[in-house]
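K.L.:
For the sequence shown, this note's numbering gives the first residue as 255, with consecutive numbering after it.
The structure that follows is given in the form of structure tokens.
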Amino acid sequence: MWVSDFDFACPPEVQAALHQRIEHGVFGYSDRDEAYFNALLHWFSSRHQLTLKQEWVCSVEGVVPGLALLVQMLTHPGDGVVVQGPYYGSFAKIITLNGRKLLENPLSESPDEGYQMDFCQLERLFRHERPPLMILCNPHNPTGRCWSANELEQLLLLCEVYDVTLISDEIWADLLLPGETFTSVLHLGDRWHKRVISATAASKTFGLSSLRISNFLIPDPTLRQRFLSRLDAHGLDVFNALSVQAATTAWNESRQWLDSLLDYLAENRRWFVEQATEHLPWARIVPAQGTYLLWMDCKKLGLDDEQLKWVMADVAGIAPSMGSGFGPAGSGFIRLNLGCPRTYLEMAIDGLKRISVKTIKGIPTGG
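And the structure:
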């Protein structure tokens, strides 16, 4: 239950389109066509009431590779890049392995208010470290928090004052809980276009992660041309024909499939939270607005992270993502993937119910 992919087949419309494309039999060099761009733009317009321009779209094999290229482009070795903890582990990897400094601005969190951006601490970090770049995750992995327009505007005001470019990883944008809405940094108007980049893909929404294509939406022409030149310099100007076909078909034909999936995921979450509330007195579930991830506070068990990992594997028999993998702010938490058949969740709850003060008594220090 650790990887953030769901355990369902991709939409049948996509499967049929891929079979048809394979039967075509020709797999020479390929690029995105007008159908791809039209499907993408219509999806954002109809699903998120967000009007995009085709020229903004810069496609890359995946969101993480694109982020790595932008880190190289927008910063110099030794520069700081801000993330908000708990943070997606790949953010830390692409920052540190490229010789940049990981600057963590931990989110504040309370049982009543949930996770919030700590703007006072963020301003201090901007003022003292002068980072040229910040990477945001919206909806937030691992907590499932969707940032509001007011929060994003407050963040962008700070970015403007301290001349910080903001990349918003918005790959989870379609995966919302009932009644929730998504606000992109691109919803906030032209004023911010010179310093914002949105990263998106069909992969998380439709279960297409191994068909590698993502889109970086860059309104500012100077930023966009720099990024396109960077892609050309790395020879990243040819696209997988099957990836293009899958994404195009999903956006055009799989809206109803997604709506049904979202209903199932919402019921999965409702059921799991109900069971955890009744049977896991040591656990606290963090409320979410989006994603199919569940962020669980296990600190009441009084275990260190290695002990917690041991208990999850040897007592509960499950393999969640350990919160410690999301930076210091994740210590004492686990992340569970609810994007699976209900039977998997039933087995997970049965395993977690075996955890108690009695069953963890005397576990070895350090795991």
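All C-beta atoms, glycine included, are put in the ideal place defined by N, C-alpha and C.
According to the Cβ coordinates, are D423 and C391 closer than 8 Å?
P.N.:
Closer than 8 Å, so yes.
K.L.:
Start and end of the alpha helix (DSSP H) containing R275?
P.N.:
266-278 is the span of the alpha helix (DSSP H), which, as asked, contains R275.
K.L.:
Would you say P340 and G584 are within 8 Å of each other, going by their C-beta atoms?
P.N.:
Result yes, Cβ atoms of P340 and G584 sit closer than 8 Å.
K.L.:
Determine whether the beta carbon atoms of V317 and A455 lie at a separation below 8 Å.
P.N.:
Taking 8 Å as the Cβ cut-off, V317 and A455 qualify as a contacting pair.
K.L.:
I need the boundaries of the beta strand (DSSP E) containing D551, first residue and last residue.
P.N.:
D551 -> beta strand (DSSP E) spans 547-551.
K.L.:
What are the boundary residues of the beta strand (DSSP E) that includes K612?
P.N.:
Counting along the chain, K612 falls outside any beta strand (DSSP E), though it belongs to the alpha helix (DSSP H) covering 611-614.
K.L.:
List the endpoints of the continuous alpha helix (DSSP H) containing Y290.
P.N.:
288-302 is the span of the alpha helix (DSSP H), which, as asked, contains Y290.
K.L.:
According to the neighbour-count rule (16 or more other Cβ atoms, all chains shown, within 10 Å of its Cβ), is I603 buried or exposed?
P.N.:
Answer is buried; the Cβ neighbour count reaches 16.
K.L.:
Looking at C-alpha atoms only, which residue of A542, A537, L429 is the closest neighbour of L562?
P.N.:
If we check each option's Cα against that of L562, A537 comes out closest.
K.L.:
With distances taken Cα to Cα, identify the nearest neighbour of L462 among N352, C413, S497.
P.N.:
The candidate whose alpha carbon is nearest that of L462 is S497.
K.L.:
In whole angstroms, what is the alpha-carbon distance linking L387 and L411?
P.N.:
The alpha-carbon atoms of L387 and L411 are separated by roughly 14 Å.
K.L.:
Can you tell me whether H273 is buried or exposed? The criterion is at least 16 other CB atoms within 10 Å of its CB, across all chains shown.
P.N.:
The residue is exposed, with fewer than 16 neighbouring Cβ atoms inside 10 Å.
K.L.:
Kindly give me the distance between the Cβ atoms of W426 and P385, rounded to whole angstroms, as I take these residues to be in contact under 8 Å.
P.N.:
Their Cβ separation, rounded to whole angstroms, is 24 Å, which puts W426 and P385 out of contact at 8 Å.
K.L.:
Keeping to the same chain, check which residues put their C-beta closer than 7 Å to that of G621; ignore five residues upstream and five downstream.
P.N.:
Residue confidence for G621 is low, a pLDDT of 42 falling below 50, so the modelled location carries little weight and cannot support an answer.
K.L.:
Can you tell which of M327, V311, D551, G605 has its C-alpha closest to the C-alpha of A567?
P.N.:
The residue with the shortest Cα to Cα distance from A567 is G605.
K.L.:
What's the gap between the Cα of V337 and the Cα of G279?
P.N.:
The straight-line gap from Cα to Cα measures roughly 44 Å.
K.L.:
Can you tell me where the beta strand (DSSP E) holding A453 begins and where it ends?
P.N.:
Note, A453: beta strand (DSSP E), 450-454.
K.L.:
Using a threshold of 8 Å, state whether the C-beta atoms of F470 and F460 are closer than that.
P.N.:
Not a contact, by the Cβ cut-off of 8 Å.
K.L.:
Which of the three DSSP states, helix, strand or coil, is assigned to I603?
P.N.:
In this structure, I603 counts as helix in the three-state DSSP scheme.
K.L.:
Decide if D428 is buried, meaning its Cβ has at least 16 other Cβ atoms within 10 Å, or exposed.
P.N.:
By the 10 Å Cβ count, D428 comes out buried.
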